[in-house]
Amino acid sequence: MTETPPIQRGQRYNRIVVAVFAVGVLSLFVGMALDRHVVGLVVYSATGLSGVAALLYLRFASPVRLADERQQRLHERASGALVTLVAMVGLPVVIGLYLFDATRHYAISPFLWGAISAFSGLYLLWGSIYAILRYRG
3 MTETPPIQRG
13 QRYNRIVVAV
23 FAVGVLSLFV
33 GMALDRHVVG
43 LVVYSATGLS
53 GVAALLYLRF
63 ASPVRLADER
73 QQRLHERASG
83 ALVTLVAMVG
93 LPVVIGLYLF
103 DATRHYAISP
113 FLWGAISAFS
123 GLYLLWGSIY
133 AILRYRG
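Per my numbering: the sequence shown = residues 3 to 139.
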């Protein structure tokens with residue numbers, strides 16, 4: 003019997019973890035649909051935390067690689083495209099909201115202030131990590 007190549011084993015583990023996350027999300031929606039919010043939330047939380055723990059173990063403590071170079075490049079491109087898209091759409095919206103608020107045409111609600119703060123925090127964190135990775139090597 004031939005042994006499974008390490009990258010295929012990692013891809014199989016990755017698919018299992020994604021399935022665990024999918025079961026969690028599905029259980030949350032089923033729980034909401036059946037008016038059993040707490041049960042759905044408990045299953046969602048348990049599967050989510052289990053999936054995160056499994057990913058952390060596989061990424062940092064296991065010799066198994068979850069992705070090959072091609073998949074890693076695709077992941078990096080998709081992440082970059084998402085960050086760029088959110089910035090290109092979000093920044094003009096935030097500027098417009100600030101202008102409307104300053105001219106008293108629209109008052110920014112506390113919810114929107116929270117969203118603006120989260121948006122700003124996300125890009126401050128992203129920029130910090132980018133700078134660290136760039137200058138570290």
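We treat Cβ as the ideally placed atom computed from N, Cα and C, and that holds for glycine.
Relative to Y46, the option among G82, A104 and V32 whose CA is nearest is V32. Here R138 carries a helix assignment [DSSP, helix/strand/coil].
Ranked by Cα distance from A56, the options V19, Q74 and L101 are led by V19.
For the pair N16 and L76, the CB atoms are not nearer than the 8 angstroms cut-off. L36 is classed as exposed because its beta carbon has fewer than 16 other beta carbons within 10 Å across all chains shown.
With 16 or more other CB atoms across the displayed protein chains lying within 10 angstroms of its CB, T49 is buried.
It is roughly 18 angstroms from the alpha-carbon of A83 to the alpha-carbon of L135. The C-alpha of L126 is placed about 15 angstroms away from the C-alpha of V96. DSSP, reduced to helix, strand and coil, places A63 outside both helices and strands of the structure shown, so it counts as coil. Spanning the alpha carbons of A120 and V85 requires a straight line of approximately 14 angstroms.
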